[in-house]
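Protein chains: 2
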Amino acid sequence: MTVSILSRFAAHGGRQLVARHTSRATGTEMTFAIFLPPQADSGPCPVVWYLSGLTCTHANVMEKGEYRKAAAEAGLIVVCPDTSPRGEGVADDEAYDLGQGAGFYVDATQKPWATHFRMKTYIEVELPEVVAANFPVDLDRQGIFGHSMGGHGALTIALRNPSRFRSLSAFAPIVAPSQVPWGQKAFPAYIGPDPAKWRRHDAVALIEDGARFPEILVDQGEADTFLADQLKPELLARACSDAGIGLTLRMQPGYDHSYYFISTFMPDHIAWHARRLAA
Amino acid sequence: MTVSILSRFAAHGGRQLVARHTSRATGTEMTFAIFLPPQADSGPCPVVWYLSGLTCTHANVMEKGEYRKAAAEAGLIVVCPDTSPRGEGVADDEAYDLGQGAGFYVDATQKPWATHFRMKTYIEVELPEVVAANFPVDLDRQGIFGHSMGGHGALTIALRNPSRFRSLSAFAPIVAPSQVPWGQKAFPAYIGPDPAKWRRHDAVALIEDGARFPEILVDQGEADTFLADQLKPELLARACSDAGIGLTLRMQPGYDHSYYFISTFMPDHIAWHARRLAA
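Protein chains in written order, with full-length UniProt numbering: chain A, 1 to 279; chain B, 1 to 279.
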């Protein structure tokens, strides 16, 4: 449960840290970023988990996501994990959308991935324990959000664990991986060819199968080149409508899939979580 | 005067562009970032020039500086040039503090640098012409700021051209390059061994020699590892005090030299410029 602090930066009155620890879930060293707002100096703070998209490490959103100003003002701790195990002994693929940088937040059951690719257990079970053992987080006040593959992670983790989280949002999430090329490539590789096993890792399928979350904020750029083929927010809109889930889906004209999009709407997402995580 | 747009991102209701053009000052292709706030769609806007520090291109502050939210709210165009000419035919040095990425905002007179390293003319003369020919900038309302070597650039350019700028600020600037190792290495290489020729490129010396600017904002981290040897803000404080220049020097406990420092105080700097550039 011990972490080593790799770097430490003063920022917006708080501290942006990068921490590393040995993970029993993945069997590797794992690195995450954690922002502690100034309020964390005087007691536990709510925590929001930010899950990143394909190819990203903890560093991309830490450097480009522009979450610190709003998080410092709201008194939120923001934790940004890596998107997969990494390293020389870890299986990989030449493609950007499989292997290292592309964990898809599942526990792999298939060779060669099953050895280390256990991001579901890492994010759902181990990382909260590690963070709680080392930082002043109030685990009764948790939110989760993410981008693209990380939006898929946030949606599915929250839908499977609705009592753990008070707030949920996503930027350009993969809402139905079973129905799009990214998921139709990754899921067979990681968890096998049977689509019935994919449904616990697919937000739309989870909702169809009865999972619920009170309300969800999603921002989606209309100029996102992945919109029509990979993201398909209309599938989430239909599932939420049928299930009575309060989805706020904002289509944003002109915005693409980049961190310029994420950083633009980051203050709104931090505010969304802050309101629902207030004491 | 034509520019080619290399990339274009919607951000904070405006547009973050990267542009490239052929520079007659440097004899190379030069790349700069320019943020156009939403107000630029309906008419000319004030422009603030941000000069970056050692090793940086236009991209570092564009990705990590977190200036867009405040600039969009204030209606400021922000231009972020490169820190030197670059490319295969351009002289370079293995050190990070000489050659490509380390132009020091001077016009070099010494071999091998004199051929391309003409960043003073580029920033003072050519780039404003290029920007004005292609973007809706109001050149009657200009501000300038920068970080470290770019803070040196901002201070010296504004002190030599006080009528061009209404506002001036810096993050952790090199205030007296003639008196510190970075300048004592770069100035002989670029403009020769005679310290008398360095004074036009040294903010403290310029003030001692009579240059004036009405008021200056400087933020400086107290945990900045370059503070004692390279930055020496006390020299600027003394020169401004002697000259009657209104210097707001804010020593920031715990902050280092990084973009986490810059991005923390960026909103204050944008606000400083916005107030002085209001119509």
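All C-beta atoms, glycine included, are put in the ideal place defined by N, C-alpha and C.
When DSSP builds the beta bridges, which residues end up paired with residue i?
{"i": "Met-30(A)", "result": "His-21(A)"}
{"i": "Thr-248(A)", "result": "Leu-217(A)"}
{"i": "Ile-77(B)", "result": "Val-47(B)"}
{"i": "Tyr-15(B)", "result": "The sequence given here places Arg at residue 15(B); Tyr does not occur at that position. In DSSP, Arg-15(B) forms a bridge with Ala-10(B), Leu-36(B)."}
Tell me which residue opens and which closes the alpha helix (DSSP H) that residue i is part of.
{"i": "Met-62(B)", "result": "58–64"}
{"i": "Trp-49(A)", "result": "Careful: Trp-49(A) lies outside any alpha helix (DSSP H), inside the beta strand (DSSP E) at 45–51."}
{"i": "Phe-265(A)", "result": "259–277"}
{"i": "Leu-127(B)", "result": "127–134"}
{"i": "Asp-242(B)", "result": "233–243"}
{"i": "Tyr-190(A)", "result": "181–191"}
In the DSSP assignment, the beta strand (DSSP E) including residue i goes from what residue to what residue?
{"i": "Gly-143(A)", "result": "137–147"}
{"i": "Leu-168(A)", "result": "167–171"}
{"i": "Leu-6(B)", "result": "4–11"}
Kindly indicate which three-state DSSP category residue i falls into: helix, strand or coil?
{"i": "Gln-100(A)", "result": "coil"}
{"i": "Leu-36(A)", "result": "strand"}
{"i": "Asp-107(B)", "result": "strand"}
{"i": "Phe-117(B)", "result": "coil"}
{"i": "Arg-212(A)", "result": "coil"}
{"i": "Ser-178(A)", "result": "helix"}
{"i": "Tyr-255(B)", "result": "coil"}
{"i": "Pro-85(B)", "result": "coil"}
{"i": "Ala-223(A)", "result": "coil"}
{"i": "Val-204(A)", "result": "helix"}
{"i": "Pro-112(A)", "result": "coil"}
{"i": "Tyr-67(A)", "result": "coil"}
{"i": "Thr-55(A)", "result": "coil"}
{"i": "Glu-94(B)", "result": "coil"}
{"i": "Arg-164(B)", "result": "coil"}
{"i": "Asp-194(B)", "result": "coil"}
What in chain A is Cβ-close to residue i, meaning under 7 Å?
{"i": "His-12(B)", "result": "Thr-264"}
{"i": "Glu-63(B)", "result": "Glu-63, Lys-64"}
What in chain A is Cβ-close to residue i, meaning under 8 Å?
{"i": "Gln-16(B)", "result": "Tyr-260"}
Show which residues of chain A have a CB atom less than 9 Å away from the CB atom of residue i.
{"i": "Tyr-255(B)", "result": "Phe-9, Ala-10, Ala-11"}
Applying a beta-carbon distance threshold of less than 8 Å, which residues of chain B neighbour residue i?
{"i": "Phe-223(A)", "result": "Reading off the sequence, residue 223(A) comes out as Ala, not Phe. In chain order: Ala-10."}
Open item on the list: Taking 8 Å as the cut-off, does the segment 39–46 of chain B touch the segment 225–245 of chain B (at least 3 CB pairs, one atom from each stretch)?
Closed with: no
Open item on the list: So, does the segment 216–228 of chain B touch the segment 240–256 of chain B, judging by three or more C-beta pairs under 8 Å?
Closed with: yes
Open item on the list: Can you confirm whether the segment 50–64 of chain A touches the segment 31–41 of chain A when touching is taken to mean that 3 or more C-beta pairs between the two stretches lie within less than 8 Å?
Closed with: yes
Open item on the list: Under 8 Å: do the segment 108–116 of chain B and the segment 4–14 of chain B share three or more Cβ pairs, one atom per stretch?
Closed with: no
- [ ] Determine contact between the segment 64–78 of chain B and the segment 98–106 of chain B, defined as no fewer than three beta-carbon pairs at a distance below 8 Å.
- [x] no
Open item on the list: For the segment 129–143 of chain A against the segment 173–181 of chain A, do three or more pairs of beta-carbon atoms, one drawn from each stretch, fall closer than 8 Å, so that the two count as touching?
Closed with: no
Open item on the list: Count Cβ pairs between the segment 10–23 of chain B and the segment 254–263 of chain A that sit closer than 8 Å; are there 3 or more?
Closed with: yes
TODO: Could you tell me whether the segment 203–212 of chain B touches the segment 152–172 of chain B, where touching means 3 or more Cβ pairs closer than 8 Å?
DONE: yes
TODO: Count the C-beta pairs between the segment 165–172 of chain A and the segment 119–135 of chain A that are closer than 8 Å, then say yes if the count reaches three, no if not.
DONE: no
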